[in-house]
Structures are given as C-alpha cells and as structure tokens.
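Q:
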Amino acid sequence: MNHDSYPDAYIRGILNTVKTIAMVGFSPNTARPSYFAFKYLIERGFKVIPINPGHAGKEFLGQTCYAALADVPEPIDMVDIFRAPQFVTPIVEEALKLTPKPQVIWMQLTIRNDEAAKLAEDAGLKVVMDRCPKIEYGRLSSEISWMGINSRTLSSRRAQNLGGGFQRMGLGQGKKEEPSGS
Amino acid sequence: MTMADAERIPGFNTLAIHAGAKPDPTTGARATPIYQTTSFVFDDVDHAASLFGLQAFGNIYTRIGNPTCAVLEERVAALEGGTAGLAVASGHAAQVIVMQTLLVPGDEFIASKKLYGGSINQFNHAFKSFGWNVVWADPDDLSSFETAVTPKTKAIFIESIANPGGVVTDIEAIGKIARKANVPLIVDNTLATPYLCKPIEYGADIVVHSLTKFLGGHGNSIGGMIVDAGTFNWSRDKKYPMLCEPRPEYSGIVLHETFGNFAFAIACRVLGLRDLGPALSPFNAFLISTGIETLPLRMQRHSDNALAVATWLTQRPEVAWVSYSGLPSDKYHSLAQKYCPKGCGAVMTVGLKGGYDAGVKLVSNVKLFSHLANIGDTRSLIIHPASTTHKQLSDAQKVQAGAGPDVVRLSIGIEDKEDIIADLELGLTAK
Ligand SMILES: Cc1ncc(COP(=O)(O)O)c(C=O)c1O
Chain A
510 MNHDSYPDAY IRGILNTVKT IAMVGFSPNT ARPSYFAFKY LIERGFKVIP INPGHAGKEF
570 LGQTCYAALA DVPEPIDMVD IFRAPQFVTP IVEEALKLTP KPQVIWMQLT IRNDEAAKLA
630 EDAGLKVVMD RCPKIEYGRL SSEISWMGIN SRTLSSRRAQ NLGGGFQRMG LGQGKKEEPS
690 GS
Chain B
667 MTMADAERIP GFNTLAIHAG AKPDPTTGAR ATPIYQTTSF VFDDVDHAAS LFGLQAFGNI
727 YTRIGNPTCA VLEERVAALE GGTAGLAVAS GHAAQVIVMQ TLLVPGDEFI ASKKLYGGSI
787 NQFNHAFKSF GWNVVWADPD DLSSFETAVT PKTKAIFIES IANPGGVVTD IEAIGKIARK
847 ANVPLIVDNT LATPYLCKPI EYGADIVVHS LTKFLGGHGN SIGGMIVDAG TFNWSRDKKY
907 PMLCEPRPEY SGIVLHETFG NFAFAIACRV LGLRDLGPAL SPFNAFLIST GIETLPLRMQ
967 RHSDNALAVA TWLTQRPEVA WVSYSGLPSD KYHSLAQKYC PKGCGAVMTV GLKGGYDAGV
1027 KLVSNVKLFS HLANIGDTRS LIIHPASTTH KQLSDAQKVQ AGAGPDVVRL SIGIEDKEDI
1087 IADLELGLTA K
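Line order of the protein sequences matches chains A and B. Just remember that my numbering sits 509 ahead of the position in the first sequence, which is counted from 1. Just remember that my numbering sits 666 ahead of the position in the second sequence, which is counted from 1.
(1) Give the C-beta separation of B/V936 and B/I730 to the nearest angstrom, bearing in mind that I take them to be a contact with Cβ-Cβ under 8 Å.
(2) In three-state terms, what does DSSP make of B/A1024?
(3) Is it true that the CB of B/L862 sits closer than 8 Å to the CB of B/G1011?
(4) Could you check the C-alpha separation between B/V853 and A/P611 for me, to the nearest Å?
(5) Residues of the region 714-728 of chain B with a CB closer than 9 Å to any CB of chain A: list them in chain order, please.
(6) Interface residues of chain A around B/T813 at Cβ under 8 Å?
(7) Rounded to a whole number of angstroms, what is the C-alpha to C-alpha distance between A/T527 and A/R521?
(8) Answer yes or no: the CB of B/D854 versus the heavy atoms of ligand 1, is any distance below 7 Å?
(9) Quick one: using the 10 Å Cβ neighbour count with 16 as the cut-off for buried, is A/A632 buried or exposed?
(10) Where does A/A700 sit, in a helix, a strand or coil, going by DSSP?
(11) Are B/N855 and B/Y782 touching if we call contact CB-CB under 8 Å?
(12) Quick check on the DSSP output: the alpha helix (DSSP H) that includes B/N799 runs from which residue to which?
(13) Is it right to say A/K635 is buried, meaning 16 or more other beta carbons lie within 10 angstroms of its own, or is it exposed?
(14) Could you give the DSSP three-state label for B/A714: helix, strand or coil?
(15) For ligand 1, is there a heavy atom less than 7 Å away from the beta-carbon of B/H968?
(16) Compute the distance between the beta-carbons of B/F928 and B/T767, then report whether it is under 8 Å.
(17) How about B/E740 and A/S664: are their beta carbons less than 8 Å apart?
(18) Between which two residues does the alpha helix (DSSP H) harbouring A/S650 extend?
(19) Can you tell me whether B/T668 is helix, strand or coil according to DSSP?
(20) Would you please verify whether the beta carbon of A/W655 is less than 8 Å from any beta carbon of chain B?
(21) If you draw a straight line from the C-alpha of A/V533 to the C-alpha of A/A546, how long is it?
(22) Please specify which runs of the beta strand (DSSP E), each continuous and at least 3 residues long, are wholly inside the region 1053-1086 of chain B, giving them in chain order.
(23) Judging by CA-CA distance, which residue of B/I675, B/I726, B/L857, B/E673 is the nearest neighbour of B/F706?
(24) Hey, does A/C659 have any beta-carbon neighbour from chain B nearer than 8 Å?
(25) What residues from the region 941-969 of chain B come within 8 Å of chain A, judged by C-beta to C-beta, listed N to C?
(26) Just checking B/E825 against ligand 1 - is the residue's beta carbon closer than 7 Å to any of the ligand's heavy atoms?
(27) Say whether chain B places a C-beta atom closer than 8 Å to the C-beta of A/T539.
(28) Should the region 752-768 of chain B be regarded as contacting the region 1031-1043 of chain B, the criterion being three or more beta carbon pairs within less than 8 Å?
(29) Looking at the secondary structure, which residues open and close the beta strand (DSSP E) in which B/G890 lies?
(30) Could you spell out the range, first to last residue, of the alpha helix (DSSP H) harbouring B/E959?
(31) Starting from A/M616, follow its DSSP beta bridges and name the residues at the other end.
(32) Check each candidate in B/G841, B/S969, B/A736 and name the one with the smallest Cα separation from B/I776.
(33) In chain C, which residues lie less than 7 Å from B/F928 when you measure between Cβ atoms?
(34) Check whether the Cβ of B/H1056 sits closer than 7 Å to any heavy atom of ligand 1, and report yes or no.
(35) Here's the rule I'm using: 16 or more other beta-carbon atoms within 10 Å means buried, otherwise exposed. How should B/E1084 be labelled?
(36) CB-CB under 8 Å to B/A977, same chain, minus the five flanking residues each way: which ones, in chain order?
See below:
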C-alpha cells in the first residue's frame, strides 16, 4: 500500500467492513480529538471499545474501558491508535497476538510509523496512517461537506441517509465509486 | 469501473459544475436547493450537544453554516485546490475574519501597496482601530517585504492580479519570504479567479475572494470567500492562539489538533463568523454557485476580449497608455506569462491624453459600457475614478492611488468584442 495517498475505495471498504473498533489512547476528556472520534463513530453505528490503562473498568458512553487489547473479551475488527509514533510498534505487536487477528490497523491524523505498518501488512492486515476515521467517514458520506470541507468526491447520485435522524449520512455500498477530486 | 476510473482527478471545468453539489440527499433535487431557513432542527438533545460541541458535522443556524452556502464553499475550495472554504457576506468581510483569526491587538501584517483601494482603506483605518497594524511593502521591490518582517508580523497579504492597475504580483517569491518568516501568505485572488491563477500552487496558505466579481460573475450578489490551503503549521511557533490554544468558547478544544489541515477554515467559521456575524445569504450563495458553473467559459472570454480591446486602445490617438499585463509591452507581462498563462483577466486602466475632461467625456458618451463602481460582470463596465470613487482626494493622492485625472478603469465583459470596441470608439471620438 502506498501510504502517501489512499484511494477512496480502500478507505470506504474498511469503514464499510469493520464493526468493532478498539481505540488505543482513548481520552475521557471530552475536548480531546480521541473523544470526538469515539463519540462520533458510536453515533454512526460502530462498536467502539476504549483502551486506556488509567481508566480500565470505567464506562464511557456505555462502553467498558480496558487496560490493554488483550483484555477485550470479544473479537476486534480494527485497532485505532491515538498514540505518538514511537509507541505504535508495541501496540501493533500486541494486536497481532490477538485471536482472531484484527483486519485493520489505523493510525490517527499526524501519526505515521512505517515499520509498524510493515509488520501489520506482512501479517495480512490493512493499514491506514495519518488519517482520522471520523473525518474520513464524514468525507465519504458527504456529511463533512456541510462544514465547507473539500470532500474531494463528486457524484451524480444522492448521498445515502443513514436514518435515525436528519443529519446522519451513510457510506453507500461502495459498489459505485465516484471520481475523487483535487 | 476500473480502479483508474475510480481515482480519476476531475478537471477544472468538471469541478466548476460538480464540486460540492451532489443531488440533495432528501429530495434528490439535482440543482442545489436554496435552503432559505435560519435554523435546523436537532434530532435530540444529544445531537444538539454534539453539533454545538463540534463533535458532529451538521447544520445549526445559518449564521454559522447553511447547506446552500456549503455547496459554494466546497466548490471554491476544490477549484483553488484548498482543503476547505468559508463563505461570508462580502469580500471585505472575508478579510476581517481572516485577520481576526490571525491577529491580536498590537500585531502587524505586511500588505502589498498595490491593492484594491477599498482594501487599502480597510487596512489603514478600520483595521488600525482594531489594533491590527498594516505595514506596506512594494511588490516591485521584493526586499521591502523582507525588511518589513518583525517579531509581531502575523501574515502577508497580496493580490494575485491587483485591482485596478493590472499589477501581477510575484506570488512564489513572496511565498518564500512568508515561509522564512513562518507566517501565512494570504492571496486575494478576486481578479484572476482560480481559472487564470491558482495561488496555492505558488505558496499561498490562505486565499480570499470577493465573490461579488468574477466568481458570481453576473453582477447580482455581494459575497466573499476564505479558502484554507491546509499548508500552514499553526502549532509550530505557538503564535496563533485561535488555532493552537485550548478555546474557552468550546470547553478547551484545540482546533489545530482536532481539525488538522482544515483547522483554519473551521476557526474562521466557529470563532470568526459565529462571533462577528457577516453570514452570506443562501440565496446569494445559490446565484454565485450557479455563476461559477460557467466560470471557465466566462474567464476565457473576458480575457480574450480584454486583450483585443487593450491592443486596439494602444493604437488610438486619444490614448496615452494602457496598463494591462496581457500586452507584450507591459511591465508585468513576464510575470503574467508565469502566473496566468491562459489570459490576464478583464480589468485594465487607460490613460487619456485629454486628462480629466476626456475621462468625463468617455464615461458620459458610451452606450454599451455601464458607468458604475464594480468589476467582474458579464457586462462591460467603466469608471473614471478621479470624478467618482477618488473624487475627495487631492490630485497628488489620486496619482499615488493610480487614479490620476486622466485614468479610466475598464472591466471588459463577454459581449461581442466588436461591439465593445465600437462603443469605446464612440466615447473616445464624441465631441
Ligand atoms: C480585489 C478586491 N478585493 C476585495 C474586494 C472587496 O469585495 P466586496 O466588495 O465583495 O466586499 C474587491 C471589491 O471591489 C476587490 O476588487
């Protein structure tokens, strides 16, 4: 995978497939980016499990927080990492020991660790670096366009309403790929 | 579709029509609906809290955002190659919001002397009263930008093609000076539009527009735009508190870490526009977005017509000089070839041998040209600044402002060029 720019189809494929996301480096501080992404992804129908040893056992938005990936009692589809690049490799090593193995390692906006990415890709996982799943979901669902953001997508098809409210959009089925803009 | 098709990058003409404007999600309407509403209902209390806390994307109240305005924002951002846009009530409002987001009282910004007169006034008077101190530099002497940099400098402001003198600014060279000073370069791209010039490709970090002019293009709506290039690191020197410090207005959110490469546009919206209030009306956004669909066709015709008119004028006995960078003899022609190779836009100034009286006679005798204070209409426009916009200045001040008694400004429309030229001939030869 070229990690400098991802095709929309790759990102859309990941967000359309994963259901359970473990968020490593989750902060219970509601002003932090990880809390933003946590809350948003739950509202869009993902199961998001917070991982933070300082808050293990507590519940946030109804989700139990665990100290480590190995403590999570259910299969994890994607590990979303909110930690500085130098801490990423051990987290990926931990993720690769899980059974079943997760399908995706996702490193947040500004976080990139190519060594860790290679470990994961060699084990057959998909990797995304330096992106935020909240922003990518918002971009590909067109929700982010309400904020004047350049979604770099064009389409002559109506965006899909997710239901359960007015301003909640879905990702479509990902079969019809639109061109991505500049 | 193949992978190659799926990841195709659309061209400028395609973006001008489609960017930002997918069919309406609720009705399927293909043209962009005019969401003429002040407010949007919340799904529930939690949804409202998420929206107000910036934790969800969505609409609250039209002063902060509106789906019709959002189409325009995304379209201009895409055309400029930026990460996000913010539409506001006028070009001048865009400049206020940009500076309010970057400066605190006592700060400085460097601006090119060769700017639209209204911007010179805004910077010299309104901005000084806010404590934002302009330091003028000369685009014909790049070292004057470098020597103007002080520890208080927060930004550099230039126009790509300056109104009205036909000055083309060396964006790339000034961009390097801004980079060295670690301040953002702001480019007013009103006269060129992204069809003729894309300042972000040459180092602009922020682009502003008066949408009133060529983007709207039909002389029917006032509007302004801020485009975030996504290129500036707001956290590096910690000198932009709106972006790099926890905001008390939003329970301690740091906008740059939360919104990454579109944080500047978000800051302008959720701090600047929200608190200062110059929102664009959805109706104007609709008219301007519709105008942009034909931007590439119009700008090419404006530029082709203007070059023909300028060439014709240089051969007239009544004309002392023509300032238009499309003319090979023009001082700015080589910069124009670099920054706007497709054409140099619609606006030129003309010096008349007969001075003040000849200017009055010309504006009084044309029949196709409209005598008014605007540029960037489909219609050809003319103004004699010395007897109108600059009347209150002394002759020396008029000359300094590029509005001497002999100067006429033209904004060439997209009518048939033969008719435009015939009309000017009528005005020049009238008794
Ligand atoms: C280059 C330029 N910038 C800014 C403005 C101000 O725009 P508005 O009139 O939309 O406030 C103008 C208007 O003439 C202009 O020509």
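Beta carbons are placed, not taken as given, at the ideal position from N, Cα and C, and that holds for glycine.
A: Reading it off the structure:
(1) 7 Å
(2) helix
(3) yes
(4) 46 Å
(5) S716, L717, G719, L720, Q721, A722, F723, G724, N725
(6) Result: empty, since nearest Cβ-Cβ is about 35 Å, beyond 8 Å.
(7) Just to set this straight, residue 527 of chain A is Val in the shown sequence, not Thr. Taking the straight line joining both Cα atoms gives about 10 Å.
(8) yes
(9) exposed
(10) The requested residue 700 of chain A does not occur in the structure, where chain A is confined to residues 510 to 691.
(11) no
(12) Run containing B/N799: none in the alpha helix (DSSP H); it sits in the beta strand (DSSP E), 799-803.
(13) buried
(14) helix
(15) no
(16) no
(17) no
(18) 642-650
(19) Residue placement at B/T668 is flagged as unreliable, the pLDDT there being 41, under the threshold of 50; a coordinate-derived value is accordingly withheld.
(20) yes
(21) 12 Å
(22) 1073-1077
(23) B/I726
(24) As written in the sequence, residue 659 of chain A is Asn, which differs from the Cys given in the question. Yes, its Cβ sits closer than 8 Å to a Cβ of chain B.
(25) none
(26) yes
(27) yes
(28) no
(29) 890-894
(30) First-last for B/E959: undefined, no H or E at that position.
(31) A/I590
(32) B/G841
(33) In the structure shown, chain C does not exist; the protein chains are A and B.
(34) no
(35) exposed
(36) In the sequence as displayed, the identity of residue 977 of chain B is Thr instead of Ala. Within the same chain, B/T977 has close Cβ partners L993.
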